[in-house]
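*Asks:* Protein sequence lines correspond, in order, to chains A and B. What the first sequence shows, in this note's numbering, is residues 1 to 232, in sequence order. What the second sequence shows, in this note's numbering, is residues 1001 to 1319, in sequence order. Quick reminder that beta carbons are idealized off the backbone N, C-alpha and C, glycines included. This structure is in structure tokens; I'll ask about it shortly.
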Amino acid sequence: MLEINNYNSSILHEISFSLNENENLIILGQNGAGKSTLAKVLSNLIENDKVKLFNENMNKLDDSKRALYINYIPPKLSIFDEYITLREFLELSFVTKVDNEKIDEVIKLLNLKKLEDKYCKSFSSGEKQLLLLASSIMHDAKITIFDELTANLDISRLKEVYEIFNSDLLKQKIVITHNLDLAYALKFKILFLKDGIIEFFGSNDEFFEAVNLKRFYKDTILKLDNHLVVNL
Amino acid sequence: MKILLYILSFFILSISPFLGEITLHFSDILNSDSTTYTIFWDLRVPRIILAFFVGGILALGGLIFQIIFKNELITPYTLGIASGTTLFTAISIVFFPFLYITISSIFGSIITVLILYFISKQINKNSIAVSTNSILLTGIALSYFYASAMMLVFYMSSLQENYSIVRFTLGSLDTVGFTNSLIIVAVSVILYFVISYYRQSIRLLLICNDTAFLKGLKVDKINLVLLVVVSLSVGVSISFVGPIGFIGLVVPHIIKLIYKKSADKLIFPVFFFGGIFLVFSDLIARNLNTDSTIPIGVVTAFIGAPFFIYLLIRRNKKA
């Protein structure tokens, strides 16, 4: 359960919404609309006292308890040490006890076996995204926010990520994306941000009605036979 | 390679007290009436202990600073902590000669690190991440400020005081008896203990501050504790031996290139080889057949810089 009440800053304005337990969300919006900032506010990376997690004020929560509740996956893997291997990174991703069997399972699931003992810094951008996804599964927070996780993935990898988002492997998910096909296929609730203001907050079906597509994307997106088509 | 390095290190440690302006013989060191005995136990052994542990502190301090600020160029020296310590030492030589030098040195290092910490917090109010560029620039600005203040102190000092300050800034491992060495050993033990205690947190800091925060780590608190403990240890070391540069920058890099492991696994090797590096540099400084010992800082830079460049070139070729 997540609730934000009237958050204001120079980027975001009058942000209020709430999600029930296990209600997933997709955040859409143009570049610079404030999507990542919103995610950082929700995870307290930008400190504030407007967010409530499971009816407790996040800012008053103990740090270790907050870590169990919420996790944020950044768009790019940022790692300082050159010599941390994939397996070590995954070990560090646990907030509770390290579970080696779970690491093995996820490495198998995401086809990362050949990278297991390689240094994370040398990975390609797509491999880094997969590593971040794997680490979110290890962390296993009650709510996980993904910021543009799919940006550098090829189509087959995108499909894998879709399957994982669509499964119960992770608990409650908030997905920031520019990929409307993914947003449409996942059927999650939608929040649309424009210039720091929530322009739309409602069901997936409603958002993808022709009227709304026209309202938010002008004539660049059309829905034909239940598929989205970009009209350039 | 690692085993070879350890063997070489123990060899250096064991021959080091016998070589110097006066070469000592092994047979005399237990004969308490000989001069050899006095030189060996009152001068050479304390000096090597001092060199080893100061080297260890400087190398480990460099490693920890690089982790905290996520920048491989940062050491207590590049951030102006050494110049702060030197300035306050000079001030106490000139204006407060009755004060124990160590106290003003420590004061200098702590005040510098606190200035740096709070300025960087001020710049990045909204984010947990400390911007390394701004702190590096702050450090450089502070160094310039200290340099001018140092000029002022020089200007106001007498010839005798002037000379003491210059000797201090050149760095020297001269010591008589075990008092200084034992203080440094104690400081090293505390530093090593604190760092080992926070090892798990340091592992998370190796990824990035945001990630560490999301895993529930009290990033600000741990960074501050580590900063203060490292600065205190470096401050005490500088007060005894003067500002010896280069070890904190070079040794962690060399060890990383040799071991190819994440920094949390390198705490012991960095400390140990930092110590050996300074003992070895001192061995050279004492044995170059000049009239007096060459300033130790000169030797560390002369050995360290070329070796460092060699390793960098080799690394880039491989990649």
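By DSSP, does Phe233 of chain A sit in helix, in strand, or in coil?
*Replies:* The first residue shown for chain A is 1 and the last is 232, placing residue 233 of chain A beyond what the model contains.
*Asks:* Look at the alpha carbon of Leu115 of chain A and the alpha carbon of Asn166 of chain A, and state the distance between them as a whole number of angstroms.
*Replies:* Distance between the alpha carbons of Leu115 of chain A and Asn166 of chain A: 25 angstroms.
*Asks:* Grab me the residues of Ile1128 of chain B's own chain with a C-beta within less than 8 angstroms of its C-beta, minus the 5 sequence neighbours each way, in chain order.
*Replies:* Note that Ile1128 of chain B scores 43 on pLDDT, short of 50, meaning its location in the model is unreliable; the coordinates nonetheless yield the value given after this. Here the set comprises Asn1209, Asp1210, Phe1213, Val1219 and Asp1220.
*Asks:* Applying a beta-carbon distance threshold of less than 8 angstroms, which residues of chain A neighbour Phe1118 of chain B?
*Replies:* For Phe1118 of chain B, there are no neighbours in chain A by C-beta distance under 8 angstroms, as the nearest C-beta there is about 17 angstroms away.
*Asks:* Output yes if chain A places a C-beta closer than 8 angstroms to the C-beta of Leu1206 of chain B; else output no.
*Replies:* yes
*Asks:* Can you find a C-beta in chain B that's less than 8 angstroms from the C-beta of Ala7 of chain A?
*Replies:* Looking at the sequence shown, residue 7 of chain A is not Ala but Tyr. No, no contact with chain B.
*Asks:* Report the start-end ranges of each alpha helix (DSSP H) in the segment 1159 to 1207 of chain B that is 4 residues or longer and not cut off at the edges.
*Replies:* 1159 to 1170, 1179 to 1197 and 1199 to 1205
*Asks:* Anything in chain A within Cβ reach of Ser1109 of chain B, meaning under 9 angstroms, just list it in chain order.
*Replies:* Within 9 angstroms Cβ-Cβ: nothing; Ser1109 of chain B doesn't reach chain A, min ~24 angstroms.
*Asks:* Between which residues of its own chain and Phe200 of chain A is the CB-CB distance below 8 angstroms, once the five residues before and five after are set aside?
*Replies:* Taken in chain order, the residues that qualify are Ile190, Leu191, Phe192, Phe207, Asn212 and Phe216.
*Asks:* Within 8 angstroms of any Cβ in chain A, is that where the Cβ of Leu1217 of chain B sits?
*Replies:* yes
*Asks:* Closer than 8 angstroms by beta-carbon distance: list the chain A residues that pair up with Arg1199 of chain B, in chain order.
*Replies:* Under the 8 angstroms cutoff, chain A gives no residues; its nearest Cβ is about 12 angstroms from Arg1199 of chain B.
*Asks:* Consult DSSP for Ser16 of chain A and reduce its assignment to one of helix, strand or coil.
*Replies:* strand
*Asks:* Taking Cβ positions only, does Asp1210 of chain B come closer than 8 angstroms to chain A?
*Replies:* yes
*Asks:* Going along the segment 45 to 67 of chain A in order, which residues come within less than 9 angstroms of chain B, judged by CB to CB distance?
*Replies:* Leu45, Ile46, Glu47, Asp62, Asp63, Ser64, Lys65, Arg66 and Ala67
*Asks:* Taking 8 angstroms as the cut-off, decide whether the C-beta atoms of Leu12 of chain A and Gly34 of chain A are in contact.
*Replies:* yes
*Asks:* Within the continuous beta strand (DSSP E) that includes Gln30 of chain A, where are the two ends?
*Replies:* It is not in any beta strand (DSSP E) - Gln30 of chain A carries neither H nor E in the DSSP assignment.
*Asks:* Take every Cβ of the segment 1219 to 1237 of chain B, pair it with every Cβ of the segment 96 to 103 of chain A, and state whether three or more of those distances are shorter than 8 angstroms.
*Replies:* no
*Asks:* Cα-Cα, which of B:Gly1171, B:Val1166 and B:Thr1023 is closest to Leu1050 of chain B?
*Replies:* B:Gly1171
*Asks:* Contact criterion: CB-CB distance below 8 angstroms. Does Phe216 of chain A meet it with respect to chain B?
*Replies:* False, the Cβ-Cβ gap to chain B never drops below 8 angstroms.
*Asks:* Out of curiosity, what's the CA-to-CA distance linking Gly1248 of chain B and Ala1059 of chain B?
*Replies:* Roughly 4 angstroms between the two C-alpha positions.
*Asks:* Using DSSP's beta-bridge definition, name the partner residues of His227 of chain A.
*Replies:* DSSP output for His227 of chain A lists A:Leu224 as bridge partner(s).
*Asks:* To the nearest angstrom, how far is it from the Cα of Leu1173 of chain B to the Cα of Pro1243 of chain B?
*Replies:* 11 angstroms
*Asks:* Based on DSSP bridge pairs, tell me the residues matched to Ile174 of chain A.
*Replies:* Partner(s): A:Leu25 and A:Ile145.
*Asks:* How would you label Leu1152 of chain B, buried or exposed, when you count the other beta carbons within 10 angstroms and need 16 or more for buried?
*Replies:* exposed
*Asks:* Any C-beta of chain B sitting closer than 8 angstroms to the C-beta of Pro75 of chain A?
*Replies:* no
*Asks:* Examine chain A for any beta-carbon lying closer than 8 angstroms to the beta-carbon of Ala1141 of chain B, and answer yes or no.
*Replies:* The C-beta of Ala1141 of chain B comes no closer than 8 angstroms to any C-beta of chain A.
*Asks:* What are the boundary residues of the beta strand (DSSP E) that includes Leu191 of chain A?
*Replies:* Lys189 to Lys194
*Asks:* For Ile4 of chain A, write down the residues that DSSP places opposite it in a beta bridge.
*Replies:* The partner list for Ile4 of chain A (beta bridge, DSSP) reads A:Phe17 and A:Val51.
*Asks:* Given that a residue counts as buried once 16 or more other Cβ atoms are within 10 Å of its Cβ, and exposed if not, what is Gln129 of chain A?
*Replies:* buried
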